[in-house]
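Protein chains in written order, with the UniProt record's numbering: chain A, 1 to 286; chain B, 1 to 119; chain C, 1 to 282. For glycine and all other residues, C-beta sits at the position ideal for the given N, C-alpha and C. The structure displayed is predicted, hence computed values, not measured ones. In what follows, a structure is listed as structure tokens, so that the remarks can point back to it.
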Amino acid sequence: MKELTVISGKGGTGKTSILGAFATLAENSVVCDCDVDAANLHILLKPNIKETHPFYGEKKAEILPHLCTQCGLCEDLCRFQAIKEYKINPYACEGCALCQHVCPVGAVVLHDHLSGHWYVSDTQWGPMVHAKLGIAQGNSGLLVNVVRKKAREVARDKRIPLILSDGPPGIGCPVISSLAGTDMALIVSEPTASGIHDLERIAKVAGTFGCKTAVCINKYDLDEANCRHIEDLAGQLGVPILGKIPFDPIVTEAVLRGIPVTLLGNGEAQSSVRNLWEQVVNMLGV
Amino acid sequence: MRIAISASGETLEDSLNPRLGRCEYFVLYNDDTGETLAIENTGRFSVGAAGIATVGLLNDHGVDVLITGNVGPNAFTALQAAGIQVYTGASGKVRDVLQDYKDGKLNEAKGPNVGPHGR
Amino acid sequence: MIISVASGKGGTGKTLVATSLALSLLDEQKQVQLLDCDVEEPNAHIFFNSQPVYEEVVTLPVPQVEYARCQYCGKCSEVCQFRAIALLKRTLVIFPDVCHSCGGCWHLCPAGALEPVAREVGNVRISRAGSLEIVSGSLKLGTHISPPVVKAVRQKENRENIVIIDGPPGSSCPVMAAVAGTDFCILVTEPTPFGLNDLSLAVEMLQVLGVPCGVVINRDVPGNDIIDRFCQEKGLQILLRIPFQTKIARAYARGIPLVKSDPLWREKFRDLYHRVAREVQQ
């Protein structure tokens with residue numbers, strides 16, 4: 001079983017559009033949306049939800065008012081400023097339990113906290129595992145682990161050889177959880193000043209995971225000079241460029257209509273996505 | 001000596017699971033008595049830092065030698081502190097891995113062989 | 001006044017709006033601070049030819065053991081919810097990269113054998129471009145908890161100035177750290193189902209935080225009312241529309257702020273500011 005993870009560092013470079021197109025091109029794959037903070041892949045692939053599971057990602061403290069003597073010790077010691085007027089702010093609480101340990105009268109309890117849900121679904125192109133983290137909830141990294149683990153189980157049970165994972169933007173906790181143990185990271189870059197800046201950071205992060213790493217340049221003809229700059233940078237970083245996709249209105253139209261671009265005929269953008277997919281399959285060895 | 005092998009099942013016929021922190025079981029083999037025993041890896045349910053939790057479990061069971069696939073930096077540090085010898089890069093059935101160990105075919109790890117989070 | 005710029009989705013144009021808004025205000029003889037709180041991918045500085053004036057390291061406290069005092073009781077590893085400290089035989093092992101710096105271990109150690117020491121998690125840089133002050137935070141590679149760096153950047157905000165915060169994408173902890181307590185949040189979106197989905201998440205997040213907000217539609221296409229309908233339903237103001245034009249995309253690609261590539265936008269961004277200021281005063 002092989003896993004491909006699409007990442008970008010900078011947001012909005014086209015990860016989800018490209019992964020959605022890949023899902024239609026792969027003949028047999030499990031699709032996994034690791035962008036649990038702002039999931040979008042479901043808009044393109046329109047999953048039919050089969051299973052819904054709760055996600056308890058953290059513990060949160062609660063002060064029992066009938067026991068609290070209002071001594072204020074917990075509030076003084078909490079490093080997350082999560083306690084005000086003898087009440088816990090669940091958005092700030094990290095569940096460290098210091099308050100519980102220091103409370104002289106045992107008025108603090110710790111609860112498992114419902115942080116979101118995850119789903120196992122069917123799509124026209126195969127099974128999909130995805131999630132929704134609740135508003136303003138933490139520990140997205142753990143939810144990513146849960147979703148990826150389920151995707152591997154589904155792939156094993158159904159004897160599907162490939163998992164396609166849509167990663168989150170950035171380089172933080174959920175990105176690290178998305179990359180751990182994957183076989184290949186495909187970085188979707190774009191020829192903008194910001195895109196170039198972020199490519200170096202994300203490529204270094206991917207490099208620490210020892211997985212195969214490659215780059216594709218989306219909207220490559222937006223700026224030819226920046227595009228060459230990305231090619232040079234990728235060369236210096238020792239990361240191959242597997243494909244270039246033009247700045248084509250059809251890609252925007254596909255997003256507007258909420259469908260994978262591969263369903264809108266076979267123009268220049270689609271054929272470049274197909275070529276990219278062939279290169280990815282080659283490198284991944286499936 | 002107590003030898004632990006990270007495994008996906010409870011018997012010598014199950015295969016080695018290379019992911020130390022997330023493996024389902026450890027098959028423990030006592031080379032003085034020849035007895036085997038399986039323990040569940042409760043460390044794998046850990047919210048984060050499963051490798052550290054797992055090494056704590058092995059330490060509590062008095063393990064002297066660990067045979068597994070991958071060991072990350074934090075787990076390696078913990079294994080060293082616990083004085084547990086570690087052999088990485090092994091694969092196959094637990095029974096065969098154990099035989100390879102007895103035959104001196106496995107190499108002792110001098111450092112972590114994967115990055116943080118198992119890669 | 002503190003104005004944050006956020007968007008649920010990445011790549012919708014937050015940095016474009018934040019940089020152009022900051023530049024448009026400079027002519028009004030105002031003191032403007034631009035805070036780049038997208039510490040995982042700080043980008044705002046690319047758009048200015050700025051001179052560095054200050055740099056500081058952001059640290060978090062992590063425990064260090066003094067073995068002469070340690071009684072090997074294991075209390076510290078028992079209280080740590082994050083498994084950042086483990087007692088293995090006669091060694092106390094500390095794992096700074098999983099530590100949340102809660103202080104539980106050093107407060108609760110019965111022997112006083114643990115004390116906090118500083119661990120670097122990122123840095124804050126201040127630079128100047130004319131009268132504009134740019135404060136950027138950068139998360140150290142390999143560190144994955146960004147809110148402390150976001151908070152360190154925000155410590156530099158001066159309420160006497162007009163402070164513009166360029167936030168990270170998403171609607172989770174780093175964004176909350178960037179927008180909490182600001183006077184107003186400008187949400188930048190694009191008129192696609194992706195943009196709408198992420199905008200609705202961001203609006204919900206702001207309701208939780210009690211921060212008032214309005215919407216800027218980037219890459220607007222005439223006749224596409226997907227965002228308009230949502231804003232009408234939620235009672236949100238549309239503050240500005242930036243059309244979908246290849247020339248805007250190209251200038252941005254080269255790192256040229258919109259108000260510089262096309263001075264007509266200067267007036268529109270000033271209007272944006274005044275609309276926001278009116279909202280805040282109400």
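Next item on the list: Taking only beta-carbon positions, decide if residue 77 (chain C) is within less than 9 angstroms of chain B.
Entry: yes
Checklist line | Nearest-angstrom Cβ-Cβ length linking residue 46 (chain C) and residue 193 (chain A), presumed shorter than 8 angstroms | finding: 5 angstroms
Margin query: In the DSSP output, what is residue 118 (chain A) paired with across the bridge?
Written below: A:53 and A:131
Margin query: Closer than 8 angstroms to a non-hydrogen atom of the ligand GDP - does that hold for the CB of residue 72 (chain C)?
Written below: Looking at this structure, you won't find the ligand GDP or any other ligand, since it has none at all.
Check: How far does the beta strand (DSSP E) with residue 184 (chain A) in it reach, from first residue to last?
Finding: 184-189
Margin query: What does the alpha-carbon distance come out to for the pair residue 212 (chain C) and residue 2 (chain A)?
Written below: 45 angstroms
Checklist line | Which listed residue (C:107, C:217 and C:78) has its alpha carbon closest to that of residue 93 (chain C) | finding: C:78
Notebook entry, point to check: Can you tell which of C:26, C:197, C:263 and C:243 has the C-alpha that lies nearest to the C-alpha of residue 133 (chain C)?
Noted result: C:26
Notebook entry, point to check: How many angstroms separate the CA atom of residue 7 (chain B) from the CA atom of residue 50 (chain B)?
Noted result: 15 angstroms
Next item on the list: Confirm, please, whether the CB-CB distance from residue 24 (chain C) to residue 273 (chain C) is below 9 angstroms.
Entry: yes
Next item on the list: Specify whether the segment 187-200 of chain C and the segment 214-227 of chain C touch according to this definition: at least 3 beta carbon pairs, one from each stretch, less than 8 angstroms apart.
Entry: yes
Check: What span of residues does the beta strand (DSSP E) with residue 213 (chain A) cover, start to end?
Finding: 212-218
Check: Taking Cβ-Cβ distances below 9 angstroms as the criterion, which residues of the UniProt domain "4Fe-4S ferredoxin-type" (92-119) of chain C are in contact with chain D?
Finding: Among the protein chains in the structure shown, which are A, B and C, there is no chain D.
Notebook entry, point to check: Is there a Cβ from chain A that is less than 9 angstroms from the Cβ of residue 157 (chain C)?
Noted result: no
Notebook entry, point to check: Should residue 142 (chain A) be flagged as near chain C, meaning a C-beta pair shorter than 9 angstroms?
Noted result: no
Notebook entry, point to check: Touch check for the segment 14-21 of chain C and the segment 251-263 of chain C: three-plus C-beta pairs under 8 angstroms?
Noted result: yes
Notebook entry, point to check: Which partner residues does residue 138 (chain C) have in the DSSP bridge list?
Noted result: C:123
Checklist line | Nearest-angstrom Cα separation, counted from residue 205 (chain C) out to residue 214 (chain C) | finding: 13 angstroms
Notebook entry, point to check: Does any residue of chain A bring its CB to less than 9 angstroms from the CB of residue 47 (chain C)?
Noted result: yes
Next item on the list: Would you mind listing the beta strand (DSSP E) stretches within the segment 21-78 of chain B that are 3+ residues and don't spill past its ends, in chain order?
Entry: 25-30, 36-40 and 65-67
Notebook entry, point to check: What's the call for residue 42 (chain B), buried or exposed, on a 16-neighbour Cβ count within 10 Å?
Noted result: exposed
Checklist line | Closer than 9 angstroms to chain C by CB, residue 83 (chain B) | finding: yes
Next item on the list: Run down chain B in chain order and give the residues with a C-beta less than 9 angstroms from the C-beta of residue 68 (chain C).
Entry: Under the 9 angstroms cutoff, chain B gives no residues; its nearest Cβ is about 18 angstroms from residue 68 (chain C).
Check: residue 126 (chain A) to residue 160 (chain A), Cα distance in whole Å?
Finding: 9 angstroms
Checklist line | Partners in chain A for residue 9 (chain C), counting only beta-carbon separations shorter than 8 angstroms | finding: 11, 12, 38 and 40
Item checked: Start-to-end residues for the beta strand (DSSP E) that takes in residue 54 (chain C) -> 51-65
Check: Can you give the Cα-Cα distance for residue 280 (chain A) and residue 242 (chain A), rounded to whole angstroms?
Finding: 7 angstroms
Next item on the list: Leaving aside the five residues before and after residue 251 (chain A) along the sequence, list all residues of the same chain whose C-beta is less than 7 angstroms from its C-beta, in chain order.
Entry: 17, 261 and 269
Margin query: Taking the beta strand (DSSP E) that residue 248 (chain C) belongs to, which residues open and close that run?
Written below: Counting along the chain, residue 248 (chain C) falls outside any beta strand (DSSP E), though it belongs to the alpha helix (DSSP H) covering 246-253.
Margin query: Taking CB distances under 9 angstroms as the criterion, tell me whether residue 268 (chain C) reaches chain A.
Written below: no
Check: Under three-state DSSP, which class holds residue 184 (chain C)?
Finding: strand
Notebook entry, point to check: Looking at C-alpha atoms only, which residue of B:75, B:109 and B:98 is the closest neighbour of residue 20 (chain B)?
Noted result: B:75
Next item on the list: Return helix, strand or coil for residue 87 (chain C), following the three-state DSSP convention.
Entry: strand
Margin query: Under 9 angstroms, Cβ to Cβ, is there at least one residue of chain A near residue 82 (chain C)?
Written below: yes
Notebook entry, point to check: Can you find a C-beta in chain A that's less than 9 angstroms from the C-beta of residue 253 (chain C)?
Noted result: yes
Notebook entry, point to check: So, helix, strand or coil for residue 292 (chain A), using DSSP?
Noted result: Since the first and last residues shown for chain A are 1 and 286, residue 292 (chain A) lies out of range.
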